[in-house]
Every structure is written in structure tokens, then in C-alpha cells.
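Student: One structure, as C-alpha cells, below. Some questions next.
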Amino acid sequence: GAVVSQHPSWVICKSGTSVKIECRSLDFQATTMFWYRQFPKQSLMLMATSNEGSKATYEQGVEKDKFLINHASLTLSTLTVTSAHPEDSSFYICSASISLGEKLFFGSGTQLSVL
Amino acid sequence: RKEVEQDPGPFNVPEGATVAFNCTYSNSASQSFFWYRQDCRKEPKLLMSVYSSGNEDGRFTAQLNRASQYISLLIRDSKLSDSATYLCVVNTNAGKSTFGDGTTLTVKP
């Protein structure tokens with residue numbers, strides 16, 4: 011199956027710093043990638059849809075200036091959590107599909123802990 | 687009402703038991719359907735796609751009823767390793783994926 015690589019796997023940072031998370035499709039081109047956040051014992055929450063070559067589409071309630079998304083190529087999308095605070099601590103996961111509407115392949119997730 | 691609703695669980699069953707999970711969806715334009723499995727602090731992994739004709743993969747059987755907008759997953763002969771959260775995912779052709787909240791299964795010796 012298709013492979014999506016995400017790193018880092020975990021990050022511990024001080025409050026106020028910015029953290030960049032990378033998501034790569036290794037063996038296919040992904041025009042669209044998705045970013046999610048998951049708090050303990052809760053379901054995945056879609057944050058935004060990342061579109062190659064254009065602006066990301068953010069879900070309601072997600073601050074676009076807080077969570078910067080860049081999808082500069084067909085195989086790479088990045089999520090930057092700017093000026094992270096403890097309440098941003100969460101599990102962040104990306105996904106992509108070979109074609110829209112088809113099954114998703116997920117990155118391995120990034121556990122962010124902000125002190 | 688949520689777009690995708692799953693049995694809240696949790697399900698606690700002994701090894702060897704048969705367990706069934708249900709999922710309903712509200713968007714009649716939904717086109718593709720999947721069951722994913724997620725282990726604690728790991729990414730979801732595709733368990734199986736779901737088709738109207740029903741499909742089986744070993745101990746796992748998935749069914750789709752488009753008229754009732756209902757999806758099911760049946761696990762036979764449960765193993766300890768089946769313990770996980772099972773996510774129902776519904777896609778539209780526009781590429782939007784909607785996740786259920788997941789149903790947690792614990793299989794005990």
C-alpha cells in the first residue's frame with residue numbers, strides 16, 4: 011500500500027516556540043493532504059485540508075495564523091504550530107489518498123508536548 | 687446529530703467471542719466506506735473497505751446497507767490482538783472524509 015511518512019514522531023518544546031511537522035507521500039503524488047489533531051481518548055478532528063500550490067482550507071474554529079500549512083510540492087505538506095502553548099499539546103496526524111474520495115493513508119503521527 | 691455515528695462502546699469480550707460494531711451515516715451522497723483500526727497513540731490503519739455486496743477478510747466481515755445508511759463490522763473468534771479502537775470512515779467523492787468517534791474493543795483472556 012501507499013506510504014505516508016511523518017516526522018518528527020514526538021516533540022517537546024517550550025511555550026512560545028514554533029514547531030514544524032512534515033508529512034511526505036513516499037510512493038505517490040498527493041494533491042491533497044489532511045491534517046488532524048487528536049486529544050487523549052477522543053476521535054480524530056480534521057484541522058485543515060492542504061492543497062498543493064494553493065492555500066489550505068481550514069475547518070471552523072481552527073486558527074489559520076496559528077497552524078500554518080504549506081503544501082509546496084506533490085509529496086510534501088508541512089504544519090507549523092506557531093507560538094505553541096501547553097493547550098496545543100496533542101497528537102497531530104496527517105493523511106493523504108491517491109485519489110479523492112478513496113481510502114486514506116496516515117502518517118505515523120507526531121506527539122507534541124508544550125511545557 | 688453527527689454525520690457519522692458509531693456504537694459508543696466500550697466492548698469488553700472474552701477471547702473467542704464474536705463482536706459486531708455498527709455505524710450510521712447521514713450524508714446520502716457518501717460514496718465510499720471504510721473501517722480503520724487505531725491502537726493507542728498510533729495512526730489509524732485501514733482494516734477493510736466496505737462494499738454493498740459485503741466483504742470478508744479472514745475473521746472480519748463488513749457490510750453496507752445504502753438504503754438504511756448503515757455499516758457494520760463483525761469480528762469472529764476475537765483475539766487479544768484485536769483490542770483497539772475501530773473507526774468508521776465515510777467519504778464523499780469530493781474527497782471529504784468523516785470519522786466516527788470510534789468504538790473501543792478490549793478482548794480479555
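Residue numbers (my numbering), protein chains in the order written: chain X, 11 to 125; chain D, 687 to 795.
A virtual CB, placed ideally from N, CA and C, is assigned to each residue, including glycine.
Quantities reported herein were computed from a predicted structural model and do not represent experimental measurements.
Okay, do the stretch 758-767 of chain D and the stretch 784-795 of chain D touch, 3+ Cβ pairs below 8 Å being the bar?
Tutor: Yes, since at least three Cβ pairs between the stretch 758-767 of chain D and the stretch 784-795 of chain D fall closer than 8 Å, the two stretches touch.
Student: Along the beta strand (DSSP E) that carries D/CYS726, what are the first and last residues, could you check?
Tutor: Taken as a continuous stretch (DSSP letters only), D/CYS726 belongs to no beta strand (DSSP E), as it is neither H nor E.
Student: So does the stretch 96-116 of chain X actually touch the stretch 47-65 of chain X, counting three or more Cβ pairs closer than 8 Å?
Tutor: Counting Cβ pairs under 8 Å, three or more are found: they touch.
Student: Are any of the Cβ atoms in chain X nearer than 9 Å to that of D/PHE746?
Tutor: No, no contact with chain X.
Student: Checking contacts by CB at 9 Å: is D/THR778 closer than that to chain X?
Tutor: Judged by the 9 Å Cβ criterion, D/THR778 is in contact with chain X.
Student: Output yes or no for whether 9 Å exceeds the beta carbon distance between X/LEU84 and X/SER35.
Tutor: Cβ atoms of X/LEU84 and X/SER35: closer than 9 Å.
Student: Under 9 Å between C-beta atoms, does X/LYS74 make it to chain D?
Tutor: Output row for X/LYS74: interface = no.
Student: According to DSSP, which residues form a beta bridge with D/ASN713?
Tutor: Paired residue(s): none; D/ASN713 is not in a bridge.
Student: In or out: X/PHE101 buried (at least 16 other Cβ within 10 Å) or exposed?
Tutor: Buried, because 16 or more other Cβ atoms sit within 10 Å of the Cβ of X/PHE101.
Student: Using alpha carbons as the reference points, say which of X/THR90, X/LEU86 and X/SER64 lies closest to X/GLU73.
Tutor: The shortest C-alpha separation from X/GLU73 is found at X/THR90.
Student: Check each residue of the stretch 91-117 of chain X: if its Cβ is closer than 7 Å to any Cβ of chain D, include it; give the result in chain order.
Tutor: Residues PHE101, ILE103, LEU110, GLY111, GLU112, LYS113, LEU114, PHE116 and GLY117.
Student: Applying a beta-carbon distance threshold of less than 7 Å, which residues of chain X neighbour D/ASP787?
Tutor: Simply SER53.
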